[in-house]
Amino acid sequence: KLLFPMNLQTFAEDNIEEQTPPTDDSVETPKTFTQEELDRIVADRVARERKKTEKYADYDELKTKITEYERERDEKQRAEMTEIERWKTDFEKEVASKQALEQSVAEMEAKYRQEKIRNAFITAATSANIAHIDDAYILASSDLSKVTIDES
9 KLLFPMNLQT FAEDNIEEQT PPTDDSVETP KTFTQEELDR IVADRVARER
59 KKTEKYADYD ELKTKITEYE RERDEKQRAE MTEIERWKTD FEKEVASKQA
109 LEQSVAEMEA KYRQEKIRNA FITAATSANI AHIDDAYILA SSDLSKVTID
159 ES
């Protein structure tokens with residue numbers, strides 16, 4: 009698309025006609041609405057939203073029924089098991105729970121160590137009059153993985 013539209017006929021020597029400037033028909037007038045039209049549009053949108061919420065209105069009820077069903081199914085399976093199988097199942101659940109707790113404790117300890125290292129770095133950087141401590145910490149963080157904590 010050309011930046012400046014050019015009419016080559018204006019350069020012709022024979023036919024001299026008065027040129028009318030091109031009108032810009034691309035400018036549209038903004039659409040106006042009456043109050044009734046706006047009320048209808050808003051009512052339609054509200055009705056659509058209500059329909060969506062009504063569609064999932066029984067979600068909590070279904071969720072409750074599913075948990076009850078799963079609990080009853082587990083009780084039925086447990087009743088069909090022998091005593092040794094019940095003990096074994098309980099033991100496996102306890103082992104899984106213990107492993108999850110150990111993993112959570114290990115993650116918390118790692119976060120604690122990192123926070124302690126960061127605090128010690130900030131203290132040392134402040135005493136050394138380093139201007140941008142956060143940026144310095146980011147730069148030094150690759151070397152800080154080798155740092156150990158002295159708990160004494």
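Following our numbering, the numbering of the sequence shown begins with 9 at its first residue and continues without gaps. Cβ atoms here follow ideal geometry from the backbone N, Cα and C, with glycine treated the same way.
Endpoints, the alpha helix (DSSP H) within which residue i is located
i    : result
M116 : E91 to S135
E80  : Y67 to E88
E45  : Q43 to K63
A144 : I141 to A148
Per-residue DSSP class, three states only, for residue i
i    : result
D151 : helix
Candidates the options, of which the one nearest residue i by Cα
i    : options            : result
A128 : R56, V155 and A139 : V155
L147 : R79, L109 and A133 : A133
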